[in-house]
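> What the sequence shown shows, in the numbering used here, is residues 3 to 140, in sequence order.
Where a beta carbon is used, it is the ideal one built from N, C-alpha and C, also for glycine.
Mind looking over this structure? Questions follow.
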Amino acid sequence: MEVRVLAPGDEDLLIRAVAMIEEGALTPERAAAHLADDTMVNVAAIEAGEVTGFVYGHVLRRFEAVSFFIYSVDVVEARRRRGVARAMLERLKALMPERGWDEMFVFTNRGNEAAMRLYASAGGLSPPPDDVVMFDFD
């Protein structure tokens, strides 16, 4: 399995990864724009030429720190629980000093047991329970 941080020139891989997670069609132009944006990071797991996993997120530059927010972690069903997601998270962790990220974080629901196990197994620490409230502005 190859775990690749996508870069300009990987438009086809990004298009296939986005199709895998069913977030709508991505045009080559939009794929190129995403890959040129240094605030967006895309990591794909590739096996036998097929995208089997995809993680993407956003670099958040704040006054006191630079954080990486993992927005989505997905693996095709046939490859789940075989280390694909963990390998992609490890690749992102290795990027932290290289990219100057002070922290990396992800949100999930406590009821998402698979995600809770994954993030804990990858070394993620869950802070004490808190009531996080999301407000959506249309």
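Rounding to the nearest angstrom, what Cα-Cα distance links P99 and S69 in this structure?
Each residue's Cα considered, the two are about 11 angstroms apart.
> Among G26, G125, H36, T41, which residue has its Cα nearest to the Cα of R101?
For R101, the nearest C-alpha among the options comes from T41.
> Under 7 angstroms between the Cβ atoms of I17 and A34?
No. Outside cutoff.
> Just to confirm my understanding: we take I23, look at its own chain, exclude 5 residues before and 5 after, and list those with CB closer than 8 angstroms. What are they?
For I23, where only same-chain residues beyond five positions count, the Cβ hits under 8 angstroms are F56, S74, D76.
> Checking 7 angstroms against the spacing of the C-beta atoms, do A46 and A9 come in under that value?
No, they are not a contact pair.
> What is the residue span of the alpha helix (DSSP H) that I17 lies within?
Residues 13-22.
> Could you pull out every unbroken alpha helix (DSSP H) segment of at least 4 residues lying fully inside the stretch 12-93, listed in chain order?
Counting only runs of 4 or more, we get 13-22, 30-38.
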